[in-house]
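Asks:
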Amino acid sequence: MSQTRLQLDKIDPTPQQQYLNRRSFLRKLGYGSLIAAGAGVTGHGVVDAKTSQHEALQPGLDSHEILKRFSAPRNKKYDLDIKLTDELVAATHNNFYEFLPGQAGNLWRITENFTIDPWTIEVTGRCRRPRKFDIEDLFTLPGLDHEERTYRFRCVEAWAMDVPWTGFELNKLMAKVEPLSDAKFVRFVTVNRPQQMPGLRSTQGTYPWPYFEALRMDEAMHPLTLMVTGVYGRPLPRQHGAPFRVIVPWKYGYKSPKSIVKIELLSRQPKTFWETMQPDEYPFLSNVNPNVPHPRWSQAFERVIGTRVRRPTQIYNGYAKEVAQLYV
0 MSQTRLQLDK
10 IDPTPQQQYL
20 NRRSFLRKLG
30 YGSLIAAGAG
40 VTGHGVVDAK
50 TSQHEALQPG
60 LDSHEILKRF
70 SAPRNKKYDL
80 DIKLTDELVA
90 ATHNNFYEFL
100 PGQAGNLWRI
110 TENFTIDPWT
120 IEVTGRCRRP
130 RKFDIEDLFT
140 LPGLDHEERT
150 YRFRCVEAWA
160 MDVPWTGFEL
170 NKLMAKVEPL
180 SDAKFVRFVT
190 VNRPQQMPGL
200 RSTQGTYPWP
210 YFEALRMDEA
220 MHPLTLMVTG
230 VYGRPLPRQH
240 GAPFRVIVPW
250 KYGYKSPKSI
260 VKIELLSRQP
270 KTFWETMQPD
280 EYPFLSNVNP
290 NVPHPRWSQA
300 FERVIGTRVR
310 RPTQIYNGYA
320 KEVAQLYV
């Protein structure tokens, strides 16, 4: 399976002190005073001269045995012909509503006290061998060999980044529980700790917490769908969704849930978080498509965070050769 490649060799990383403000960016694109109820755009991505690189990039896990496993071998099949997004820029430009709805720039500071060890992921539902996996399981079980892949990441808010994730194919975890033939969908549920997540406390009664997302079984089992344990050669920082998240690179970012605690295999299509809130704006599939605008803004172009690059959005985020057949 060949990796679709971009020919954009001149992208320079942004200096650490540059401000990454999506509100300003969206105004420049003519989106006016866009405030997405399902995707806030205020105060994003502030990286100032006082930002401590050590603090912002601090891995979520501190287990010596796990840290020794980084970095994982890079799978060159997924290399992109572009410069990767600067690590500090990516670490300080995050949507994680459970901590700070619509205020992503300082998110890494607010996640400091988020406890991620111990951690378990329960896999249940329509499978022969439901079980719970702890952190050590997902790093040591046979068949869950970690590798690094560089993926394009596209937010529904029209910004993008190019990131080296570490992890393993989600289908390998599914094989451990042996899905039944009537398992047609995979539902993800994320952690719900109001005492550690101020966004949960401030939005109780507004959002249907905990966060939940879902994929069709063929999407979840696709080789591109990654169970992610790290980024930039180190364990995931908390603001990236430590200790475990999923990345589905041909879909908008909210289809890649963070800090997962439960995976359910279902026979019927479930609702998803943003679909429950605004079904006309955030449908179940949510594949990246430049020809299908969001009801309140265009998806034809994307802004690469940390750069001055504004590039055309690619169908399926550039992964059409790999996934278009899923939607025929």
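In numbering that gives the first Met the number 0, the protein residues as written are 0 to 327.
Idealized CB from N, CA, C, for every residue including glycine.
Since the model is a prediction, treat every value here as computed from it, not as a measurement.
Specify whether the segment 275 to 288 and the segment 126 to 136 touch according to this definition: at least 3 beta carbon pairs, one from each stretch, less than 8 Å apart.
Replies: Output reads no: the segment 126 to 136 does not touch the segment 275 to 288.
Asks: For the segment 201 to 209 against the segment 157 to 171, are there 3 or more C-beta pairs whose distance is under 8 Å?
Replies: Counting Cβ pairs under 8 Å, fewer than three are found: no touch.
Asks: Quick one: what does DSSP say R307 is sitting in, helix, strand or coil?
Replies: Of the three classes helix, strand and coil, the one that applies to R307 here is coil, per DSSP.
Asks: When the distance is taken between beta carbons, is G124 closer than 8 Å to L265?
Replies: Their beta carbons are under 8 Å apart, which means L265 touches G124 by this criterion.
Asks: In terms of alpha-carbon separation, which member of W164, Y318 and R153 lies closest to N74?
Replies: That would be W164, whose Cα lies nearest to the Cα of N74.
Asks: Would the beta-carbon of L199 fall within 8 Å of that of L172?
Replies: It is not a contact, given that the beta carbons lie outside the stated cut-off.
Asks: Closest by CA to A319, which one among N93, R307, N288 and R302?
Replies: Closest option to A319, Cα to Cα, is N288.
Asks: For Q313, name the three-state secondary structure that DSSP assigns.
Replies: Here Q313 sits in coil by DSSP.
Asks: Please identify the residue among N286, D116, F152 and E97 whose C-alpha is closest to the C-alpha of T84.
Replies: Of the listed residues, the one whose Cα sits closest to T84 is F152.
Asks: Is the distance from the Cβ of G166 to the Cβ of G229 below 8 Å?
Replies: The answer is yes: Cβ separation under 8 Å.
Asks: Starting from the C-beta of I65, find all residues in its chain whose C-beta is less than 6 Å away, skip the five residues before and the five after it, and write them out in chain order.
Replies: Once the five neighbours on either side are set aside, the close Cβ partners of I65 are F138.
Asks: Measure the CB-CB distance between E147 and A71 and report whether it falls below 8 Å.
Replies: Yes, the Cβ-Cβ distance between E147 and A71 is below 8 Å.
Asks: Should I314 and R237 be called a contact, given that it needs their Cβ atoms to be closer than 8 Å?
Replies: Cβ atoms of I314 and R237: not closer than 8 Å.
Asks: Along the chain, where does the alpha helix (DSSP H) that runs through K175 open and close?
Replies: Taken as a continuous stretch (DSSP letters only), the alpha helix (DSSP H) holding K175 covers L169 to V176.
Asks: Take the Cβ of E177 as the centre, count every other Cβ of all protein chains shown within 10 Å, and call the residue buried at 16 or more, exposed below.
Replies: Per the 10 Å Cβ criterion, exposed.
Asks: State the DSSP-derived secondary structure class of V122, mapped to helix, strand or coil.
Replies: Residue state, collapsed to three classes: strand.
Asks: How is L179 classed by DSSP in three states: helix, strand or coil?
Replies: L179 falls in the coil class under three-state DSSP.
Asks: Looking only at its chain, what residues have a beta carbon closer than 6 Å to the beta carbon of Q268, apart from the 5 residues adjacent to it on each side?
Replies: Around Q268: F184.
Asks: Mind checking which residues open and close the alpha helix (DSSP H) that includes E86?
Replies: E86 to A90 is the extent of the alpha helix (DSSP H) around E86.
Asks: Going by beta carbon distance, what residues of the same chain come within less than 8 Å of P117, once the five residues before and after it are set aside?
Replies: The answer, listed in chain order, is D133 and I134.
Asks: Where K261 and P129 are concerned, what is the direct C-alpha to C-alpha distance, given to the nearest angstrom?
Replies: Whole-angstrom Cα-Cα distance: 11 Å.
Asks: Do you know offhand how far R127's Cα is from N170's?
Replies: Roughly 15 Å separates the two Cα atoms.
Asks: How about A241: is its Cβ closer than 7 Å to a heavy atom in the ligand FAD?
Replies: Only the bare structure without any ligand can be found here, which leaves the ligand FAD out of the picture.
Asks: Under a three-way DSSP split, which group does L199 fall into?
Replies: Three-state DSSP puts L199 in a helix.
Asks: If you measure between the beta carbons of L60 and A241, is that distance less than 8 Å?
Replies: Against a cut-off of 8 Å, the Cβ pair of A241 and L60 comes out as a contact.
Asks: In angstroms, rounded to a whole number, what distance separates the CA positions of M216 and W296?
Replies: Cα to Cα, the separation comes out at about 30 Å.
Asks: Whose CA, out of D78, P197, F272 and S285, lies closest to the CA of L99?
Replies: Closest option to L99, Cα to Cα, is P197.
Asks: If I follow the unbroken beta strand (DSSP E) through F132, where does it start and stop?
Replies: Note, F132: beta strand (DSSP E), R130 to D133.
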